[in-house]
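For reference, the structure is listed below as structure tokens.
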């Protein structure tokens, strides 16, 4: 079913919040979902897969605490959470972000892509992101993508990021709506609905008095 | 000419909820700027399809043909049985439903819309729909108008005055909801340049439909005896609108847009106040508009105690203001400054907030050349992500908060009454509601709308943190350990670029009145006649006195917001 970019953004935001992340992370991933949908990349599918991961809030997914020699590698068999890692990179982008970064253990890498695009736009740079035979180059709203079969991979042990001043000739048009599979939408909905307060009589009163039938 | 920037009213004054809740429409409002543009660009209008039958079932298409594009209102009539209609968001059926279609709909388009538009939230539309809305008939006026016209008579003027609309919309959706076109699709369209222009166009065309429908039913009822509404009567009919809490969170969730609306309005006011002279012709326009505004306020028929009090106060203000303007001479330069500025500052001293805000809007009326351009294209970037500046120091953030969020820091959040409410989204119909924190469940699912409280807690947390960290610590480090403040940090960091983005009041306090938030947004739409039904439900009238599509080309420029001074006689009135 087709959804507008606004619906995709809001749904993603609510789902991330419903899955237990703070609002700040949720609104960032909402924007990320909008960005992926704009370029018709399977953002909702990958987000649904991630949020449904049984160990979502366990030790499996980590956030970086510093870059060592421009390489990010999580402890042991852990992976970097794209939501937290994306935010972390954004926060550091105006401080000390290197122009080349390698990430050796990243979960659901497609979800990190929009954050890198946001950084590129903010810094007025171009960005290249590679993982699993996928290559994305982005600058000035132009996306050049070589999309491989593992674009929706649930992890990668080798992702690379390069910020530069290279120009980019886009090969993907911007769309204002996207086809999202029902099962992915419903999975996200399960999380999103955790942000709603169930119906009750006292809740209905909180919406305003029963509408009069006059006039 | 004084410096316009110096004349701008400061956010600490303007963004207080009590003042926002006393807002009035002005030249900048969305309805007025829409009609100005349609007239300037010489849009053409035609009703291209009418299939409504003798039982009032069917559809109609109204085309609005602009220089670059055509937009079509597709209206469906499916009247409910008397007494069945409700304005609540939880309703599942309505008397009529509408969509503004991007272009001219084909038969296949209309067939698809017919399956979905009457269902509203239970249906889906494509991005060819720019807005989706629904309306119910006025129980008091609709039937009366149909029966009068069917009998060959005009309806009773008093009833028209008291109600003012044949139908009222209970929601007008845009921006991607239900699958409709995303804002991003239309934001660069010159014909829809500005805020809510698709929605306003939809409501304006809906107004024509409501009249056509009533006249149609009159013909079905009365045959040859039936007449149409006289022009003077027809003009008094607008489109009602029934608004609840749903739009209140909008102001908090779209801070940049709110800032841009307010900035446009305040700039307009500042430009007028900065003038060093006021010629007699401009002052005459002002005085006329003042009396027309008085007529409008006199016609408010709300029975709600809040509104009755405001109306009483406003009428008293208007009386004082009219007396004062009769005494002052525009040619005589007041020692302390220019005419309009002196008048405004007199208002600050002598009028209530309602009176002050009305005066502030009225002084703009004589100056289209200074004001109208500010309405064009009021938008904000709602698409891109605003990155948190992780390099900001803790000290810099604390100073930013101290300088801009004093209103938030001065509240004692230990006092229960300052935390007594919480905003949430209900599972039922996904609508925003306001709960009582200490009396009902759900506060753990609170939406991040309580900006004041969030900023106060952020401030305390940063203060506590700075005390324990080494020099040079930056926000990126703070946020790595305090993720719960990401949302608020991002918000606070925008305040200097968007100084009018915050409501300077605690919107979870016990005494907060949600209709103050509704009133602000509705004033920007261009509403007059605010009629609260409770502290969180309000009725307004849209486009009352505006020209109809068949009159727009020959109408005087943007002269309809307030009733004309010469009013036709009321029934029973002899002078």
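Chains as they are written, first to last, in the working numbering: chain A, 2 to 216; chain B, -16 to 558.
Quick reminder that beta carbons are idealized off the backbone N, C-alpha and C, glycines included.
Values in this document were obtained by computation on a predicted structure and should not be read as measured data.
Check                                                                                                                         : Outcome
Residue 103 of chain A to residue 69 of chain A span [Cα, whole Å]                                                            : 10 Å
Cβ-based neighbour list, residue 198 of chain A, same chain, cut-off 8 Å, excluding 5 preceding and 5 following               : 204
Every unbroken beta strand (DSSP E) inside the region 79 to 144 of chain B [3 residues or more]                               : 79 to 85 and 112 to 120
Local conformation of residue -15 of chain B per DSSP, three classes                                                          : coil
Proximal residues of chain A, C-beta to C-beta of residue 109 of chain B below 9 Å                                            : 3 and 178
Of the residues B:244, B:478, B:91 and B:334, the one placed nearest residue 360 of chain B, counting alpha carbons only      : B:244
For residue 549 of chain B, the first and last residue of its enclosing alpha helix (DSSP H)                                  : Premise fails: residue 549 of chain B is in no alpha helix (DSSP H) and is neither H nor E.
Residue-level contact to chain A via CB, residue 466 of chain B, 7 Å cutoff                                                   : yes
Below-7 Å beta-carbon distance, residue 237 of chain B vs any chain A residue                                                 : no
C-alpha gap between residue 538 of chain B and residue 188 of chain B, whole angstroms                                        : 16 Å
Cβ contact (3+ pairs, closer than 8 Å) linking the region 160 to 180 of chain A and the region 381 to 392 of chain B          : no
Where residue 411 of chain B falls: helix, strand or coil (DSSP)                                                              : coil
Distance, residue 88 of chain A Cα to residue 162 of chain A Cα                                                               : 15 Å
Residue 144 of chain A (DSSP reduced to helix, strand or coil)                                                                : strand
7 Å Cβ cutoff met for residue 224 of chain B and residue 498 of chain B                                                       : no
Where residue 199 of chain B falls, given that 16 or more other Cβ within 10 Å makes a residue buried                         : buried
Sub-7 Å separation of residue 186 of chain A and residue 115 of chain A beta-carbons                                          : no
Within chain B, partners of residue 32 of chain A - CB distance below 8 Å                                                     : 367 and 368
DSSP state of residue 26 of chain B mapped onto helix, strand, coil                                                           : coil
C-alpha gap between residue 401 of chain B and residue 417 of chain B, whole angstroms                                        : 14 Å
For residue 509 of chain B and residue 15 of chain B, believed in contact at Cβ under 8 Å, the rounded distance               : 5 Å
Contact list for residue 6 of chain A against chain B, beta-carbon separation under 9 Å                                       : 159, 165, 166, 167, 168 and 366
Interface residues of the region 408 to 423 of chain B facing chain A [CB-CB below 9 Å]                                       : 408, 409, 410, 411, 412, 413, 414, 415, 416, 417, 418, 419, 422 and 423
Separation of residue 405 of chain B from residue 419 of chain B, as counted between CA atoms                                 : 6 Å
Closer than 7 Å to chain A by CB, residue 372 of chain B                                                                      : yes
Helix, strand or coil at residue 44 of chain B [DSSP, three-state]                                                            : strand
Environment of residue 287 of chain B [buried if 16+ CB atoms lie within 10 Å]                                                : buried
Min CB distance residue 392 of chain B to chain A below 7 Å                                                                   : no
Outcome for residue 548 of chain B when other beta-carbon atoms lying within 10 angstroms are tallied against a minimum of 16 : exposed
Beta-carbon proximity check, residue 39 of chain A vs residue 175 of chain A, cutoff 7 Å                                      : yes
Under 8 Å from the C-beta of residue 463 of chain B: neighbouring residues of chain A                                         : 64, 66, 89 and 92
Beta-carbon neighbours of residue 199 of chain A, restricted to chain B and to distances below 9 Å                            : 409, 410, 411, 424 and 425
Helix, strand or coil at residue 181 of chain A according to DSSP, with G and I counted as helix                              : coil
Where residue 86 of chain A falls: helix, strand or coil (DSSP)                                                               : helix
Euclidean distance between Cα positions of residue 101 of chain B and residue 94 of chain B                                   : 12 Å
Neighbouring residues, chain B, relative to residue 96 of chain A (Cβ below 8 Å)                                              : 373, 374, 457 and 459
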